[in-house]
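Encoded as C-alpha cells, the structure appears first; notes follow it.
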C-alpha cells in the first residue's frame with residue numbers, strides 16, 4: 001500500500017511533503033508517490049496550480065527516506081524531453097539504491113501541452129517511442145537510438161540506474177488503449193479513481209495477456225470519516241470513485257479493489273495540513289490496512 005504525498009493544493013508547504021514522506025516510511029507504507037503538472041491552465045487552478053515539480057520532489061523524498069519505494073503517479077512523458085527525463089529518473093534510481101518506480105502517462109490537458117510547446121495530438125505515439133528510448137538509455141552506457149521523434153548517437157549515459165535495465169515502468173490511464181499499451185510495453189498499469197466494477201472488468205479482459213509479475217495498480221482518493229464512497233465526473237468527463245467513511249468501511253472498500261484484481265494500491269488522503277494528513281495515514285495503518293489482505 002502506497003501513499004501519494006500532498007505536494008499540491010492549498011495546504012502545500014515544504015513540511016507537508018517531507019514530513020509526510022518520513023511518516024509514510026515509519027508507518028510501514030511500501031511506496032511514496034508524486035503527481036505531475038508543470039503549468040496547468042487557470043481553469044484547473046485547484047488543485048494543481050500550486051504544485052511542486054514531480055521529479056524534483058521525488059528526489060527530495062528519496063533523500064529523507066531509506067527503504068520505501070518512490071514513484072511517479074504519473075509523469076506526463078509527452079510533455080517532457082524523454083532523454084532528459086530518463087537521465088533524471090536514472091539519477092534518482094541510482095541515488096536511492098534502486099527504489100524507483102517510473103509511472104508514465106500521456107496526459108490530458110491540451111493547454112498545459114501548449115504552454116510547454118509539446119505535441120498534444122501525437123502524445124500516444126510519443127509516449128510509446130519514449131518508453132522504448134528510455135529502456136535503451138537505461139540499458140547501455142553508450143546508447144544508440146533512432147525513432148520518429150528522437151535520435152540518440154555518439155552519446156554517453158552514465159551512471160546507469162541501480163536496477164538492471166532501469167526501473168519498472170507503470171503506465172497510467174483509465175482507458176482500454178492505456179491498458180493495451182501497458183500490457184505491450186510496460187511492467188504495470190496504474191489507474192486513478194476507477195470504479196471497482198470497471199476496474200474488475202478491464203483486469204479480467206487482460207487475463208492471459210499480462211506477463212508474470214505485471215502489476216495492476218489503482219490510485220484512490222480516501223475521505224476518512226467522510227460521507228462514504230461516492231462517484232464524481234473528472235475533468236476528462238469519465239466516472240471516478242472516491243472512498244470514504246469510517247476506518248472499517250474504508251478497509252472493506254479497499255478490499256473490494258483487491259478482490260477485483262488490484263495487486264497494488266496508492267492512497268491520496270485529501271488536501272490537509274501535514275499534521276492532519278499524517279494522522280489520517282496513522283489511523284489507516286492502525287485501523288484499516290490490517291484488514292486488507294491480498295496485496
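In our numbering, the protein residues as written are 1 to 295. From the three backbone atoms N, C-alpha and C, an ideal C-beta is built for every residue, glycine too. Keep in mind the model is a prediction, meaning the values are calculated, not measured.
Proximity to residue 248 [Cα-Cα], best of 260, 278, 270 and 283: The sequence position of residue 248 within the chain shown is 248, counting from 1. The shortest C-alpha separation from residue 248 is found at 283.
Cβ shell of residue 280 (< 6 Å), same chain only, five flanking positions each side left out: Within the chain shown, the letter at position 280 stands for residue 280. The residues are 224 and 269.
Alpha-carbon spacing of residue 206 relative to residue 90, whole angstroms: Here residue 206 refers to the residue found at position 206 when the chain shown is read from its first residue. Here residue 90 refers to the residue found at position 90 when the chain shown is read from its first residue. So the alpha carbons of these two residues sit roughly 30 Å apart.
Contact between the region 249-262 and the region 7-18 (3+ Cβ pairs under 8 Å): no
Under 7 Å between C-beta atoms of residue 193 and residue 217: Numbered from its first residue, the chain shown carries residue 193 at position 193. Numbered from its first residue, the chain shown carries residue 217 at position 217. Contact flag unset, no.
Limits of the alpha helix (DSSP H) - the one that residue 83 falls within: Counting from 1 along the chain shown, the entry for residue 83 is found at position 83. Bounds of the alpha helix (DSSP H) holding residue 83 are 82-95.
N-terminal and C-terminal residue of the alpha helix (DSSP H) that residue 125 is part of: In the chain shown, counting from the first residue as 1, residue 125 sits at position 125. Unbroken alpha helix (DSSP H) run through residue 125: 123-139.
Inter-residue Cα distance where the pair is residue 242 and residue 146: As a working mapping, residue 242 is identified with position 242 in the chain shown. As a working mapping, residue 146 is identified with position 146 in the chain shown. Near 43 Å, if we compare the C-alpha coordinates of residue 146 and residue 242.
Residue 212 classed as buried or exposed, judged by whether at least 16 other C-beta atoms fall within 10 angstroms: Counting from one through the chain shown, the residue named residue 212 turns up at place 212. Residue 212 comes out exposed.
Burial state of residue 29, where buried means 16 or more other Cβ atoms lie within 10 Å: Along the chain shown, read from residue 1 onward, the residue named residue 29 stands at position 29. So residue 29 ends up on the buried side.
Element boundaries [alpha helix (DSSP H), containing residue 324]: Here the chain comprises residues numbered 1 to 295, so residue 324 is not present and cannot be evaluated.
Given 8 Å, three or more beta-carbon pairs between the region 63-72 and the region 135-145: no
Spatial distance of residue 3 from residue 157 (CA atoms): Position 3 of the chain shown, counted from the first residue, corresponds to residue 3. Position 157 of the chain shown, counted from the first residue, corresponds to residue 157. Computed Cα separation, rounded: 31 Å.
Stretch-stretch touch, CB-based, cutoff 8 Å, three pairs: the region 40-47 with the region 88-104: no
Local Cβ density within 10 Å of residue 292, reported as buried at 16 or more and exposed below that: Within the chain shown, the letter at position 292 stands for residue 292. Residue 292 comes out buried.
Start-to-end residues for the beta strand (DSSP E) that takes in residue 239: Within the chain shown, residue 239 is the residue found at index 239, counting from 1. First-last of the beta strand (DSSP E) with residue 239: 239-245.
Residue 276 versus residue 16: straight-line alpha-carbon distance, rounded: Translated into positions along the chain shown, residue 276 becomes position 276. Translated into positions along the chain shown, residue 16 becomes position 16. In a straight line, the C-alpha of residue 276 is about 10 Å away from that of residue 16.
Best match in 112, 84 and 114 for proximity to residue 151 [C-alpha to C-alpha]: Mapped onto the chain shown, residue 151 falls at position 151. Ranking the options by Cα distance to residue 151, first place goes to 84.
Continuous beta strand (DSSP E) stretch holding residue 172: start and end: Numbered from its first residue, the chain shown carries residue 172 at position 172. From DSSP, the beta strand (DSSP E) with residue 172 extends over 169-172.
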